[in-house]
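Quick note on the working numbering: the sequence shown kicks off at 47 and runs consecutively. Report on one structure; see the data block that follows.
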Amino acid sequence: MLRSRRRSPYAAYLCAVISALLLLLSVSLLYSRLSLTHPHSSHLRRTPPSPSLLSDSTPDDLSSDDPIDELDFDDQNPDPSLDTTDPLSSAGYFYDPLSASLRRSFKTPRNIHQFSDPQTHNHILHFATVGYGRDDRAKAAFGSDDLPVDDDVRRLAAQVTAIEDALLIRSTSPLRKGWGDWFEKKSVFLRKDRMFRSNFEVLNPNNNPLLQDPDGVGASGFTRGDRIVQKLWLNEFKKAPPLTSKKVLLSINNNKNYNNVDSLKSDRRELRTNRFGRDHVYADDKTWGYYPGLPLNLSFTKFMEAFFGKGKCSMRVFMVWNSPPWMYSVRHQRGLESLLFHHPEACVVIFSETMELDFFKDTFVKDGYKVTIVMPNLDELLKGTPAHIFSSVWFEWRKTKFYATHYSELIRLVALYRYGGIYLDSDIIVLKPIYFLNNSLGMEDDLEAEKALNGAVMAFEKHSLFMKECLEEFYRTYDDTSLRGNGADLLTRVAKQFLGKENKSVKQLELKVEPSYIFFPISLQDITRFFSAPETETQKAWQDALLESILHKSLTFHFWNHLTYALIPEPNSLVNRLMNRACLRCSELL
């Protein structure tokens with residue numbers, strides 16, 4: 047039998063030691079290569095050529111009585127007392143052009159001429175000794191072509207390539223000169239690589255997205271801060287309550303009596319605590335609506351009957367909200383305020399799958415208004431209508447692209463057919479009382495060639511024939527890929543067919559088409575410019591006249607939120623004046 051070979055327990059440590067040695071070897075090799083400089087021959091001080099090289103005489107002639115030879119002999123043996131070496135230069139002093147003073151450098155060699163190598167003397171030029179000694183006068187001389195006469199000065203001046211070289215404030219590093227580009231690319235890699243990223247890198251203000259170059263490559267796409275905010279919102283969406291609660295399986299022992307389990311379930315309240323520590327009421331398979339004084343365990347149909355039957359209810363108004371609760375802004379609240387301003391005793395039902403059932407508990411309900419959030423039970427709501435089949439395919443239906451829009455269009459039709467009343471979009475501002483509306487629809491734009499209807503404002507009686515035909519048309523021609531085909535276009539098609547049948551006079555009593563200025567005084571094409579305040583007196587006078595005309599002729603105002611959701615109405619603008627005309631909480635800014 048072959049015995050399995052056991053690994054040495056020190057193998058891992060040995061590999062680590064070898065890796066460390068190889069790393070140190072590579073670092074030392076790199077350091078030695080970077081610190082190695084190219085040898086350059088030192089430039090000797092220029093001296094005049096020897097007279098003996100220019101003379102045709104032999105060495106024996108040096109002892110002749112020629113006066114020229116005597117002078118040459120004297121030049122070859124200068125008197126030490128006549129040494130012209132500048133004491134300031136040899137002592138390490140240099141001229142600082144920034145402060146216009148002489149300074150003494152640290153660790154300066156005795157002889158400044160050994161810095162004549164162009165690779166090592168850029169920061170200590172020979173110009174520092176100009177003005178000291180008799181030989182320095184020639185260095186300051188210029189020829190007829192405005193060039194220095196001295197070759198050393200001319201060579202050094204040619205090496206001045208930047209203002210830093212002229213001011214002697216920065217020297218060129220041979221390491222930076224050869225490896226600068228590599229160091230920059232390496233630093234960028236270390237900043238971007240997660241393995242080498244520091245935990246404090248996020249605190250670096252230089253990495254703030256607002257300080258980055260918008261034309262740079264790294265600015266494209268989401269930044270790290272954008273991804274953090276996106277993740278935060280996604281987590282908020284995941285915290286939304288489920289549409290139906292999951293059944294909890296209880297393990298019941300035989301020696302215990304659970305006869306009152308059903309009674310406990312019937313009185314159960316779905317109170318959940320959100321992240322802010324406030325209790326809210328959410329919808330589940332037993333709770334479909336909330337209003338103070340009504341039981342929470344009522345079915346959808348019974349809750350609707352109890353809500354309309356509790357207290358005084360001058361009119362029934364329906365709305366639909368399928369966006370997240372945090373998107374219900376002050377401008378949407380202004381629409382509900384304008385309705386309650388003109389009809390304080392109206393019963394308002396807002397159908398929503400996303401809002402908490404007690405969303406208005408601390409606002410409108412606390413002030414005494416009858417406003418409730420209801421989770422629609424499609425099985426009960428669509429029962430007995432041509433569109434009842436949509437309740438059975440709801441799980442697949444909600445995955446379609448335009449589900450939120452189509453869901454809202456179906457709910458408004460079936461709510462008006464089953465209960466009767468008025469439907470209003472959340473971006474509708476009520477300007478006058480509208481309780482007298484009955485079997486009414488509004489035209490979207492009178493100037494268009496094809497007169498299209500709009501369902502943002504609808505008022506119909508219970509079991510309306512027109513609403514029934516709309517539900518039948520919704521069932522027959524539903525298209526989950528069409529945005530308007532099941533809404534405004536559906537109303538237009540059914541209205542043409544409905545008014546074209548026999549007994550036209552009777553049909554006109556079932557459907558009244560109002561002109562566009564009644565419900566939509568400002569069209570979709572013109573709404574954006576009225577979010578800005580008038581700039582001139584002429585514009586102000588024209589908007590004042592338009593405001594008076596709207597208040598005199600129109601019942602509602604539509605600010606087309608799907609187009610203007612990103613716009614903020616400026617003070618004194620027409621939209622701002624219309625929104626704040628009938629407000630209840632006017633201190634809250636739009």
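Cβ atoms here follow ideal geometry from the backbone N, Cα and C, with glycine treated the same way. In this text, all values refer to a predicted model and were calculated from it rather than measured experimentally.
- Annotated three-state conformation of residue 449 is helix, per DSSP.
- Less than 8 Å separates the beta-carbon of residue 386 from that of residue 630.
- The shortest CA-to-CA distance from residue 436 to any of 556, 525 and 558 is the one to 525.
- Secondary structure of residue 336 (DSSP, three-state): coil.
- DSSP, read as helix, strand or coil, puts residue 351 in helix.
- Excluding its 5 nearest sequence neighbours in each direction, residue 476 has C-beta neighbours in its own chain below 6 Å: 384, 385, 388 and 602, listed in chain order.
- Counted as a single uninterrupted DSSP element, the alpha helix (DSSP H) harbouring residue 542 occupies residues 534–545.
- Contact between the segment 415–422 and the segment 495–514 is absent: fewer than three C-beta pairs spanning the two stretches fall below 8 Å.
- With contacts defined by Cβ atoms closer than 8 Å, residue 544 and residue 469 do not form a contacting pair.
- Per DSSP, residue 387 is one residue of the alpha helix (DSSP H) stretching across 376–388.
- Relative to residue 461, the option among 580, 347 and 371 whose CA is nearest is 347.
- Pairwise C-beta distances place the segment 564–583 out of contact with the segment 441–456, as fewer than three of them are shorter than 8 Å.
- In the three-state scheme derived from DSSP, where H, G and I count as helix and E and B as strand, residue 436 is classed as helix.
- Around the beta carbon of residue 77, fewer than 16 other beta carbons lie within 10 angstroms, which makes this residue exposed.
- About 6 Å separates the beta carbon of residue 463 from that of residue 510, a gap short enough to meet the 8 Å contact definition.
- Secondary structure note for residue 520: its alpha helix (DSSP H) is the uninterrupted segment 511–523.
- Of the candidates 401, 632 and 557, 401 places its Cα closest to the Cα of residue 334.
- For residue 446 against residue 529, the beta-carbon gap comes to about 11 Å, at or over 8 Å, which does not count as contact.
- Out of 414, 373 and 408, the CA that lies nearest to the CA of residue 390 is found in 414.
- Sorting 411, 378, 377 and 379 by C-alpha distance to the C-alpha of residue 393 places 411 at the top.
- No residue range can be given for residue 582, since it is assigned to no alpha helix (DSSP H) and is classified by DSSP as neither H nor E.
- Judged by DSSP in its simplified three-state form, residue 325 adopts strand.
- When rounded, the separation of the alpha-carbon atoms in residue 634 and residue 376 is 7 Å.
- Taking a 10 Å sphere around the C-beta of residue 195, we find fewer than 16 other C-beta atoms and assign the residue as exposed.
- Of the candidates 627, 609 and 611, 627 places its Cα closest to the Cα of residue 594.
- Membership of residue 621 in the alpha helix (DSSP H) is indicated by the continuous run 620–625.
- The way I'd put it, the segment 576–592 does touch the segment 610–624; three or more beta-carbon pairs between them come closer than 8 Å.
- Between residue 381 and residue 473, the beta carbon gap of about 6 Å places them in contact (Cβ cut-off 8 Å).
- Where residue 564 is concerned, the enclosing alpha helix (DSSP H) starts and stops at 562–565.
- Scanning 208, 563 and 408 for the CA closest to the CA of residue 337 turns up 408.
- According to DSSP, residue 611 shares a beta bridge with no other residue.
- Here residue 486 carries a strand assignment [DSSP, helix/strand/coil].
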